[in-house]
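*Asks:* Have a look at this one.
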Amino acid sequence: MSGATETSLTCARCGKPANLQCPKCVELKLPCEGAAFCTQDCFKASWSSHKSIHQKAKLSCENDTGAEQNSVAPNDWLYCTRKGQSRTPKLPIFDWTGTLKPYPISKPRLVPAHIDKPDWAIDGTPKIEPSSDLQRVVEIKTPEQIERMRETCRIAREVLDAAARVIRPGVTTDEIDAVVHEATIAAGGYPSPLNYYFFPKSCCTSVNEVICHGIPDARKLEDGDIVNVDVTVYFKGVHGDLNETFFVGTVDEASRQLVQCTYECLEKAIAIVKPGVRFREIGEIINRHALMSGLSVVKSYCGHGIGELFHCAPNIPHYARNKMVGIMKPGQTFTIEPMINAGNWRDRMWPDGWTAVTADGKRSAQFEHTLLVTETGVEVLTARLPTSPDMFPWLKS
Ligand code: MF3
Ligand code: CO
Ligand code: CO
């Protein structure tokens, strides 16, 4: 028996506090719950029944390498719970709205010491952001801030493009997260989502009925899926935020139309951005185009101001008849990121406290850009580059 590091464990036989662990379970990296015992006596008394879990673990490991690969993750991968603050080896009980379910997530990814980090990187709690005046007043960026935003947004675009290039059936969303994480660090940036209010990964990956904030996990993308990858980079003290929804293999016609319409909603909204336009007009434009295609607009998640803060004023609702006050002025930077549903607009939250899904289990798509209001109109800071991969049939010439 080896001494356990945690004191909160209870004996698998009698339920008393336990600080001994079965060495075989440790070797097999099995969850500590079920491997902990209070005394050698309890361990010995349990042995005849306990040892079977070693055999089971070995068998499921062998199955892992087999052809049917979407069921079992390595056993140090766990399900996320409590808004990113806890993990569990068992799939939480929940009335899943569609066919998608969460998979276990990998261990935390590390960021080298030389990378400049936002204030939530260490303990999961943003400190400057929630109490800033910039939650109510919309900042006018200086030319120097704007130049840094341009640089950061360009990096964010290149990181998203790197993620887009690896998307195909069989790739896990965790592997996409690894690409985002490594590409961000290679550019000298920090992946803003990582540990933001305890979000456990470096980007959001939202599959099928997931509206937004999906957590990269062990699930392999399947032919016919749609997947949104949302990347935010922190570099030179500012954030750049964008996302796109990609096709995995061949998708059905309804999903193709959903994704194309969502792309068009963002394009049409960007087209009206210029000084003097009301922020609330963005929702009218998006709603009109979505409704026209028989689709609905998500209300619970909005675009946002961005800069030295990840999320700040203005709040940008994407739906019609919103009560957002204020007009656009040169030097403001904000995102537009419409989420459009195939069915109704209602959303639900998974037990991980992050993943927003459609209440009816039908699919949802999203596109996002970070924008700068200029004297005459708009600059799309996260615009596609000549090197960006050709992912969207409607953009092909
Ligand atoms: N990038 C998302 C947005 O567009 C925010 C993700 S926050 C996270 O605003 F914590 F979920 F990563
Ligand atoms: Co955003
Ligand atoms: Co985003």
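Quick note on numbering: the sequence shown equals residues 6 to 402 in my numbering. Heads up, the beta-carbon is just placed ideally off N, CA and C, and yes, glycines get one too.
#1: So the candidates are Ile220, Thr363 and Pro398; which of them puts its Cα closest to the Cα of Thr104?
#2: Rounding to the nearest angstrom, what Cα-Cα distance links Val5 and Ser51 in this structure?
#3: Under DSSP, the alpha helix (DSSP H) around Glu214 begins and ends at which residues?
#4: Would you mind stating whether Asn292 and Val303 have Cβ atoms separated by less than 8 Å?
#5: Can you tell me which of Glu163, Ser211, Arg159 and Arg153 puts its alpha carbon nearest to the alpha carbon of Asp179?
#6: Determine contact between the segment 318–334 and the segment 115–133, defined as no fewer than three beta-carbon pairs at a distance below 8 Å.
#7: Could you tell me which residues DSSP puts in a beta bridge with Val234?
#8: Using the beta carbon as the reference atom, which residues fall closer than 6 Å to any heavy atom of ligand 2, ordered along the chain?
#9: Report the residue ranges of all beta strand (DSSP E) runs contained in full by the segment 67–146; include only those spanning at least 3 residues, in chain order.
#10: Hey, would you say the C-beta of Asp179 is under 7 Å away from at least one heavy atom of ligand 1?
#11: Which residues in the same chain have their Cβ closer than 6 Å to the Cβ of His374, if we skip the five residues on either side of it in sequence?
#12: Any chance the CB of Thr237 is under 7 Å from a heavy atom of ligand 3?
#13: Using the rule of at least 16 other Cβ atoms within 10 Å of the residue's Cβ for burial, across every protein chain shown, is Lys106 buried or exposed?
#14: Does the segment 185–202 come into contact with the segment 115–122, if we say contact requires no fewer than three beta-carbon pairs (one atom in each stretch) closer than 8 Å?
#15: Three-state secondary structure (DSSP) at Gln26?
#16: If I measure Cβ to Cβ from Glu67 and keep anything under 7 Å in the same chain, skipping five residues before and after, which residues do I get?
*Replies:* For this structure:
#1: Thr363
#2: Nothing about residue 5 can be reported from this structure: the residues present for the chain run from 6 to 402 only.
#3: Glu214 -> no alpha helix (DSSP H), and no H or E assigned at all.
#4: no
#5: Ser211
#6: no
#7: Thr210 and Glu249
#8: Asp246, His309, Thr340, Glu342 and Glu373
#9: 84–86 and 91–93
#10: no
#11: Leu247, Val385 and Thr387
#12: yes
#13: exposed
#14: yes
#15: strand
#16: Only weak support exists for where Glu67 lies, its pLDDT of 42 falling under 50; the coordinates are left without a value.
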